[in-house]
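Participant: For reference, the structure I am asking about is given below.
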Amino acid sequence: MDKKYGLTSTEYEIMELFWDTDGKLSFKEVMEYFNSTKNKNWKKQTVSTFLKILQDKGLIASDTSGKKYQYYATCTREKHINMWVRQMMKDSFDNSMGQFLMAFSGGEKLSEKDAEELREYLKKYE
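Sequential numbering from 53 applies to the sequence shown in my numbering.
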């Protein structure tokens, strides 16, 4: 199963809909989007299961103040990716930014451009 930023490909695809919509969506709208636009042929139970999983992960919430549930993203795509990277750094690199950066550079010397970007970034936190 492919994973993208800690989400299955289907979870990520659903989150993309919420992030791109930037508003609330009804269950019916979610289902119609995936069945009509994405040609998924999903059953109600499938959509319901994925929405529940995303709610349990804290990525979406529902507003029940009206007649029907309205679902919405609880964070932006950028915030989710940021939280995922921070968790990966904590879990895989002993929470060390240095080890994390070394893993991505492959232990090779940084280009002058990359080194300068890193210096500028670090100056912000001195």
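Every residue gets a Cβ at the ideal spot worked out from N, C-alpha and C, and that includes glycine.
Could you round the C-beta distance between Met67 and Leu106 to whole angstroms and report it? I think they count as a contact, below 8 angstroms.
Facilitator: If you number the sequence shown from 1, residue 67 lands on position 15. If you number the sequence shown from 1, residue 106 lands on position 54. Indeed they touch by this definition, with Cβ atoms about 7 angstroms apart.
Participant: Can you give me the Cβ contacts of Lys76 inside the same chain, cut-off strictly under 8 angstroms, excluding the 5 residues immediately before and after it?
Facilitator: The sequence position of residue 76 within the sequence shown is 24, counting from 1. Within the same chain, Lys76 has close Cβ partners Asp115, Gln122, Tyr123 and Tyr124.
Participant: So, Tyr85 versus Leu69, is the Cβ gap smaller than 8 angstroms?
Facilitator: Position 33 of the sequence shown, counted from the first residue, corresponds to residue 85. Position 17 of the sequence shown, counted from the first residue, corresponds to residue 69. Yes, they are a contact pair.
Participant: Looking only at its chain, what residues have a beta carbon closer than 8 angstroms to the beta carbon of Val82, apart from the 5 residues adjacent to it on each side?
Facilitator: Residue 82 sits at position 30 when you count from the first residue of the sequence shown. Cβ within range, chain order: Ile66, Leu69, Val99, Leu103 and Tyr123.
Participant: By DSSP, does Leu77 sit in helix, in strand, or in coil?
Facilitator: As a working note, residue 77 is residue 25 in the sequence shown. Strand at Leu77.
Participant: Does DSSP put Lys161 in a helix, in a strand, or in coil?
Facilitator: Position 109 of the sequence shown holds residue 161. In this structure, Lys161 counts as coil in the three-state DSSP scheme.
Participant: State the DSSP-derived secondary structure class of Thr60, mapped to helix, strand or coil.
Facilitator: The residue given as residue 60 occupies position 8 in the sequence shown. Reduced to three states, the DSSP call for Thr60 is strand.
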